[in-house]
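Numbering-wise (the numbering used here), the sequence shown opens with residue 1 and increments by one.
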Amino acid sequence: MAKLAIFIRGVDAALNVTEEFVSVVTMTDTTTANDVFVSLVGALENLEVDWSRAVSVAKDGAPSMVGRKAGVVVKLREKGLPYHTDVRWLSRGAVLKQFYKLRKEIAEFMQAKGKPVEELDDPEWIRDLAFLVDITEHLNVLNVTMQGRNKLVTEYYDSVRAFQSKLALWKAQLSQRNAAHFPCLKSLSVNHQSMVKYASLLSGLMHEFDNRFTVFTELEKDFALFRSPFTTDASEVPEGMQMELIDLQCCARLKDAYASTGIESFYQSLPPEYPIITAFAVMNLNKSKVRNRLTHGHLNDVMKIATAQSLSPNVDKL
C-alpha cells in the first residue's frame with residue numbers, strides 16, 4: 001500500500017524553530033490528488049494547524065501532486081498556500097548520470113536486441129547528454145545545500161547567490177571553450193559551435209534563476225540586517241526600527257551574546273525592549289529505520305522516533 005509521509009516546520013512566538021514528523025498515512029484505496037489532499041488536510045487538522053499561517057509545501061514529483069488543474073498543490077493554493085517546491089530531482093539526476101556512464105553498454109545491449117538507439121551513436125547527441133549530466137549534477141549539489149534541518153532563509157539566499165555567480169563563471173568559460181567544471185563534457189571532443197550553444201543555455205538558466213528568486217533580491221537588505229544586526233547601517237533600515245537598532249548596536253552585553261551564540265539563540269534572548277527587531281526576526285525565521293510485525297500504527301510510531309530531533313534512547317536501561 002502507498003504511504004504518505006507528512007512533516008511540518010514552524011517557528012513559535014519564542015523563536016523556536018521545529019521540524020517534526022506529523023504522520024504517515026496509509027492510502028488504502030487510490031492515490032488521486034483528492035485522496036492525498038484529504039489525507040494531508042485531515043492529518044494537519046487533527047493537530048489543529050492554522051492554515052492561515054501556512055507558507056509553503058515541499059513535495060515529490062508524483063503526478064497527483066503536480067497536476068496543473070487538480071493536483072494537490074493546486075488544491076493547497078485554494079487554501080492560500082503561496083509557495084511549493086519539488087524534492088525528487090536528486091534521484092532523477094542520479095539515474096541520468098548512471099545512464100551516461102553506461103551509454104556504450106546500453107547501446108550494445110539494444111543493438112543485440114535488434115532495437116538500436118540511433119542517438120547513442122550520434123556524437124552531437126552524446127555531447128548534449130554530457131552537458132545535461134554535468135549541469136544537473138551542479139543543480140543537485142545546490143539542492144543538497146538547501147536541505148537539512150534548522151536552516152535559515154539567509155543560508156538559502158547565500159546558496160542561491162553563490163550558484164548564480166557560478167553560472168556566470170561557467171558561461172564565460174564555456175564561451176572560451178573551457179569546460180573545466182563540466183567533467184563529462186570535458187572528456188569529449190567539443191567544437192566551438194556546441195560550446196556557444198551550451199553557454200547560451202546557461203544564459204537561459206541564469207535568467208530563470210533571476211526570475212524565480214526575485215523575492216530574494218528584494219529582501220537582500222532585510223537578510224543583511226537579520227544576519228548582521230551589529231554592522232548594518234541604521235540609516236539603511238526602516239525608520240520605525242532605527243532607534244531600536246542603534247540601542248542594540250551600542251549594547252556591549254548583547255554584542256557579546258551575539259558573538260557567542262547562534263542567530264536563533266541570540267534573537268530568542270532579546271529582552272522585551274526590542275519588540276520591533278524581535279518581530280522582524282520571527283518573520284525571517286518563518287521564511288526559512290527492528291520489527292517482527294509492522295502495522296500502520298507501528299510505522300507511524302517508528303517514523304516519529306526516527307525523525308525526533310532530540311530523542312536519545314537509554315539502551316542500557318532498556
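Yeah, the Cβ is synthetic: ideal placement off N, Cα and C, and Gly gets one too.
Give every residue of the same chain whose Cβ lies closer than 6 Å to the Cβ of K97, excluding the five residues on either side of it in the sequence, and list them in chain order. V133.
Cutoff 7 Å; reference M110; Cβ partners in own chain excluding five residues on either side: Cβ within range, chain order: P116, V117.
Just to confirm before moving on: does the CB-CB distance between V22 and L4 stay below 8 Å? No. Outside cutoff.
How about I277 and L254: do their beta carbons lie closer than 8 Å? Not closer than 8 Å, so no.
Per DSSP, what are the beta-bridge partners of A5 in this structure? A5 pairs with V24.
Applying the 10 Å Cβ sphere with the 16-neighbour rule, what's the burial state of P238? Counting Cβ neighbours within 10 Å, P238 comes out exposed, since fewer than 16 surround it.
Does A162 pass the burial test, meaning 16 or more other C-beta atoms within 10 Å, or should it be called exposed? Exposed, since its Cβ has fewer than 16 Cβ neighbours within 10 Å.
DSSP three-state call for T18: helix, strand or coil? Strand at T18.
With distances taken Cα to Cα, identify the nearest neighbour of I263 among E236, M243, F226, L248. The shortest Cα separation from I263 among E236, M243, F226, L248 belongs to F226.
Any idea what DSSP makes of A58, helix, strand or coil? Looking at A58 - three-state DSSP - the assignment turns out to be strand.
Same chain, Cβ closer than 6 Å to S228, neighbours up to 5 away in sequence not counted: Excluding residues within five positions, none has a Cβ falling inside 6 Å.
Which same chain residues, not among the five before or five after V190, have their C-beta less than 6 Å away from its C-beta? For V190, same chain residues with a beta-carbon under 6 Å away, outside a window of 5 residues either side, are R127 in chain order.
Could you check which residue in L120, A112, R92, S194 has the C-alpha nearest to that of L102? Considering only alpha carbons, the answer is L120.
With a Cβ-Cβ cutoff of 8 Å, do Q173 and F209 count as a contact? Contact flag unset, no.
Assuming contact is defined by CB atoms lying nearer than 8 Å, are L167 and L202 in contact in what I supplied? Between L167 and L202, the C-beta spacing is below 8 Å.
Pick out the complete alpha helix (DSSP H) segments inside the stretch 81-157, 4 residues or longer, and give them in chain order. As summarised for the stretch 81-157, the continuous alpha helix (DSSP H) elements at least 4 residues long and confined to that stretch are 89-101, 103-112, 123-145, given in chain order.
Could you pull the start and end residues of the alpha helix (DSSP H) that T214 belongs to? In the DSSP assignment, T214 falls within the unbroken alpha helix (DSSP H) covering 214-218.
By the 10 Å Cβ neighbour count, where 16 or more other Cβ atoms means buried, how is S194 classified, buried or exposed? Taking a 10 Å sphere around the C-beta of S194, we find 16 or more other C-beta atoms and assign the residue as buried.
Kindly indicate which residue of Y258, L205, Y157 has the alpha-carbon position closest to the one of F223. For the residues Y258, L205, Y157, the minimum Cα distance to F223 belongs to Y157.
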